[in-house]
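Engineer: If you read the sequence shown in this note's numbering, its first letter stands for residue 164, the second for the next number, and so on.
For each residue, glycine too, the CB sits at the ideal point set by N, CA and C.
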Amino acid sequence: MLARAMKDIPKLSSDWRPKVLVTHCEIPQAGLDILRKKCDVILTKGLPQPTREEVLRLSKGVDGILWANHEKLNAEALDAAGPQLKAISTMSAGIDYVDIPEVKRRNIPLGYTPTVLNDAVADIAVGLAVAAGRRFHEGQLKIASSEWERRPQWLLGLDIRDSTVGLIGLGGIGQAIIERLRGFNVGEYIYTCRNPKPEVAEKLKATYVSFDELLQRSDYVFIACPLTPETKYLINRDALAKMKPTAVLINVARGEIVDQEALLEALKNNKIFAAGLDVMTPEPLPADHPLLGLPNCSLNNIPNFANNWKPRVLVTNSDIPRVGLEILEKRCDVIYVTGWPRPTREEILKLIKGVHGVIWANNEKLNAEVLDQAGPQLRVISSYYSGYDYIDVKEVRKRDISLGYTGIATKDPVADVAVGLMILMGRRLHEGYLKIKAFQWEKRPQWLLGSNIAGSNVGIIGFGTIGQKIVHRLQGFDVNKFFYTGHNPKAQADKLGAIFVTLDDLLQKSDYVIVSCPLTPETKHLINRDSLGKMKNSSILINVARGEIVDQEALVEALKNGQIFAAGLDVTTPEPLPLDHPLLHLPNCCKYI
């Protein structure tokens, strides 16, 4: 826009060129090159950002300004430039820092980039929703303070699947958020804004509602509207009180739309479940700001011998959903292992003798020792987890014991976590959080510049239900290509547009490498020095399978040496990691609970 506007300025001579001030020296070189073909470019030099005094001093006498920071662009700035100023272009989607009436009064064309950040902001919005709903931050705090607890419902988070998603604002960013959530099987989309948008809403299957109704019904509330006098502190005590106690608030718009004091109170008192904030007031927050200290601000085949006889069933962890236990208690005599926060192996072995069934709700080895202790009357075992690498399956089969497991129960949450970790590490949210906490915020246009999922190649090692659900969730992210590898090609891959390749091809071509295969003797340390050496140095590794699939010593080395860009880990070896483990102290590695 600025280069075009400069063409319209009358030339004083054949060699005359308009002067343009660029208010930050760290903007993409390609843009500067275009500008320099037609204009004499003046760059500010101050880093990490120029002072207002430097900007005002250098603006005197220029014909155009590329305003590349969030300083107030007001009458003072326009006066400093002078009456010859003919064009201004900003480098942001929002323009709340621009005195638009004053710019219009002086008849100066104003350009801005309203759609350039839609994809990036929508990525972050979904990432924050997953992180806040799945309690990523709270889990990291627990790991850092050595408070890991092996309990089935410990740090149980919220599903996006079947939820009601409410959007305050249905502009480009709001629409991009809905597109990205397509693969999450959201129950209902509702939105509110100044005026209904029936054509857009019909295409997106979103329903217009009042502001109050949106707050009352939504499980996830996304703020994606401009900051105006009407929207300042739109989310205040009154608004927060109308939200569900299980609701998650996501703000990717402007900090001042939310009354942070009221939000702090709501989070502390559990009036809402959690919040994910991409924007705050001020930016950066002071290192001692209370929001930074909150954990929730960014997780029947047993024979029936007689009517009065009941089989005995051992449940190896009492912290599992009551609804399942109540069904079990109607038909069986249930024995609970009550050790807290997790039972010891000794407690389990002491109580297991003589039972007819076992619900195995921990990750202890279920092997011949356990089966011998239970006795020959044991007829059925049900595992509480989707994986069963801790079970000696051959030994169970040899004894003709029926074995059940929850093969798909955690597929949706794991797929959510995988996508959340992709965004978290690609957009450097974890590194950014560490910078904010250390009060090292830098206002530079390309500071902590992350990676796009849009246009990337995503490679999935293991294309079972979890791998397929990850691809399904990424359908709205405009991924370039999906690759997968495994024992054999899968028919379902064609429907999802995924291409079967060798492991080496996948490692070499993928921008995101997601591990979602079972742990077997063949896959143990599948990701090692050799395989990490084949990955792009801009690639990101995500592991949502089992910790032992990754050689962690090799991963630490690759992350430290820049062999790969980042890693997001849902699993490690051991769990929890020791507090002094190097993976917990790398800015480009994040461990989920």
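(1) For F374, which of E342, L367, G332, K366 has the nearest alpha-carbon?
(2) Output the distance between the C-alpha atoms of F640 and L541, rounded to the nearest integer angstrom.
(3) What did DSSP end up calling L321 once you bin it into helix, strand or coil?
(4) Give me the Cα-Cα distance between V734 and E711, rounded to the nearest whole angstrom.
(5) What residues match up with K473 in a beta bridge as DSSP calls it?
(6) Which one of P681, G337, V664 has the shortest CA to CA distance from S673?
(7) Cutting at 7 Å between CB atoms, please list the residues of its own chain near R314, excluding the five before and the five after it.
(8) What span of residues does the alpha helix (DSSP H) with L440 cover, start to end?
(9) Do L592 and G302 count as a contact pair if the criterion is CB distance below 8 Å?
(10) Can you find at least 3 beta carbon pairs, one from the segment 600 to 609 and one from the segment 176 to 193, that sit closer than 8 Å?
(11) Return helix, strand or coil for K249, following the three-state DSSP convention.
(12) The beta strand (DSSP E) that contains G731, what's its start and end?
(13) Quick one: is R131 buried, meaning 16 or more other Cβ sit within 10 Å of its Cβ, or exposed?
(14) So what does DSSP say about D668, is it helix, strand or coil?
(15) Whole-angstrom Cβ separation of V523 and L514, contact assumed at under 8 Å?
(16) Residue ranges of each alpha helix (DSSP H) run of no fewer than 4 residues wholly in the segment 677 to 711, ordered along the chain?
(17) Indicate the three-state DSSP secondary structure (helix, strand or coil) for D496 in the structure shown.
(18) In the structure shown, what three-state DSSP assignment does E376 receive?
(19) Beta carbon of M588, beta carbon of C753: below 8 Å?
(20) Run through DSSP, which three-state label would T355 get?
(21) In the DSSP output, what is T276 paired with across the bridge?
(22) Excluding sequence positions up to five away, which residues of its chain have a Cβ less than 8 Å from the Cβ of F468?
(23) Give a yes or no on contact between the segment 625 to 633 and the segment 687 to 696, applying the rule of three or more CB pairs nearer than 8 Å.
(24) With C-beta atoms as the reference, is I386 less than 8 Å away from A369?
(25) Could you tell me the boundaries of the alpha helix (DSSP H) in which L367 lies?
(26) Could you tell me the alpha carbon to alpha carbon distance between P466 and R475, rounded to whole angstroms?
(27) Quick check: the Cα distance between N471 and K493, rounded to an integer number of angstroms?
(28) Taking C-alpha atoms, which residue in K723, P453, T278, V293 lies nearest to P576?
(29) So, with DSSP's three-state summary, where would you put D714?
(30) For A250 and L206, what's the separation of their Cα atoms in angstroms?
(31) Output needed for P453: all residues of its chain with C-beta closer than 7 Å, excluding positions within five of it in sequence on either side, in chain order.
(32) Thinking C-beta only, is V384 closer than 8 Å to I420?
(33) Which residues in the same chain as G538 place their Cβ atom closer than 7 Å to its Cβ, once the five residues preceding and following it in sequence are excluded?
(34) Which two residues bound the contiguous alpha helix (DSSP H) that contains Y596?
(35) Nearest CA to the CA of T253: which residue from D262, G245, P246?
(36) Under 6 Å Cβ to Cβ from G209, same chain only, skipping five residues before and after it: list those, please.
Structural biologist: Result, derived from the coordinates:
(1) G332
(2) 49 Å
(3) coil
(4) 9 Å
(5) According to DSSP, which records beta bridges pairwise, K473 is partnered with nothing at all.
(6) V664
(7) N480, D482, P504, R505
(8) No alpha helix (DSSP H) contains L440, which is instead part of the beta strand (DSSP E) from 437 to 440.
(9) no
(10) yes
(11) coil
(12) 729 to 732
(13) Not covered by the structure: residue 131. The range shown for the chain is 164 to 756.
(14) helix
(15) For clarity, residue 523 is Trp in the given sequence; the question names Val instead. About 13 Å separates the two Cβ atoms, so there is no contact after all.
(16) 692 to 697
(17) strand
(18) helix
(19) yes
(20) strand
(21) Beta-bridge pairing links T276 to no other residue.
(22) Reliability fails at F468, whose pLDDT of 35 lies under 50, so the model's placement of it is uncertain and no value is given.
(23) no
(24) no
(25) 361 to 367
(26) Residue placement at P466 cannot be trusted, given a pLDDT of 39 that sits under 50; what the coordinates show is reported in the next sentence. Looking at the two C-alpha atoms, the distance is approximately 12 Å.
(27) Low confidence applies here, because N471 scores a pLDDT of 46, under 50, leaving its location unreliable; read the following figure in that light. Cα-Cα distance, rounded: 12 Å.
(28) V293
(29) coil
(30) 17 Å
(31) L427
(32) no
(33) K516, G517
(34) 592 to 600
(35) D262
(36) E217
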